[in-house]
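Chemist:
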Amino acid sequence: MAKFGSFIKTIKMQKIKICGIKSVDEARVVLSFDISYIGVIFAKSKRKVGLDLAMEISNLVHKNKIKIVGVFADISEDEILEISKKANLDVVQIYGEISPNLYKNLHLENIEIWKVFSVSNELPNLENDFYDMPLFDCKGKNIGGNGISFDWSILKNLKTKFGLAGGIGAYNISLASSYKPEVIDINSMVEDENGIKSAKKISLTLSNLMEIK
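First residue of the sequence shown? That's 20 in the numbering used here, and the numbers climb one at a time after it.
1) Note down the Cα distance separating Gly-115 from Val-135, rounded to an integer number of angstroms.
2) Whose C-beta lies closer than 6 Å to the C-beta of Gly-24 among residues of the same chain, with five residues either side of it excluded?
3) By the DSSP assignment, the beta strand (DSSP E) with Asn-192 in it spans what residues?
4) According to the Cβ coordinates, are Ser-55 and Ile-87 closer than 8 Å?
5) Roughly how many angstroms separate the alpha carbons of Asp-170 and Asn-147, rounded to a whole number?
6) Hey, how far is the Cα of Tyr-190 from the Cα of Ile-221?
7) Count the other C-beta atoms from every protein chain shown that fall within 10 angstroms of the C-beta of Gly-39, then say buried if there are 16 or more, exposed otherwise.
8) Just curious, the alpha helix (DSSP H) that Glu-131 is in, first and last residue?
9) Go to Tyr-122, then tell me how far its alpha helix (DSSP H) extends in each direction, as first and last residue.
10) Which residue marks the beginning of the alpha helix (DSSP H) containing Asp-71, and which one marks its end?
11) Determine the burial state of Pro-153: buried for a count of at least 16 other Cβ atoms within 10 Å of its Cβ, exposed for fewer.
12) Can you tell which of Leu-177, Asn-206, Asn-213 has the C-alpha that lies nearest to the C-alpha of Ser-197?
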């Protein structure tokens, strides 16, 4: 099946991740767009999925030549490693500390590691080497999916590659893109009133990074 919007040419340099997928049907909607990553959440969240569902979504995602990201918080390193292997994750996105041992064991499985930094008004110390990319999210009540952003202007002199999350939607994705993140992470701002990913909202959001041929 052709990708939704395959008649358009992307002008973005960034990769797009749509996170918080809760069902196979929702995954199918998201996979109809030209994106790089789909995210499933194993942390405490209204978007949390179980391992069996994550495995089913992962199989579908890989059939579509897309990568799958697992989001983790407040569970043991052994659990992270076990789930990551069983769900055949390409990337783990971790809220919390990452030990050298977890870093090594995930890399042995060819799994990339993104460490989430919850930002309020200044960037954190990035000296920890035990991750492949920092991902900056806005500090909020929940672990991700808060629908709020921090002041992105603090990113303008950042030299390292990074991912950007937090309240990114149709109205501000162009601004987010201007700070040149490696990955733009989208979640709640493309959901409908029932908390389901909306093809209309995704299309509207991504159209701001595209141009007609």
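Beta carbons are placed, not taken as given, at the ideal position from N, Cα and C, and that holds for glycine.
Modeler: Quick look at the numbers:
1) 7 Å
2) Per-residue confidence for Gly-24 stands at a pLDDT of 46, beneath the threshold of 50, marking its modelled position as unreliable; the derived number appears in the next sentence. Same-chain partners within the cutoff: there are none.
3) Contrary to the premise, residue 192 reads as Ile rather than Asn in this sequence. Taken as a continuous stretch (DSSP letters only), Ile-192 belongs to no beta strand (DSSP E), being part of the alpha helix (DSSP H) at 192 to 197.
4) no
5) 23 Å
6) 12 Å
7) buried
8) Unbroken run through Glu-131 is the beta strand (DSSP E), 131 to 138; no alpha helix (DSSP H).
9) 119 to 127
10) 70 to 82
11) buried
12) Leu-177
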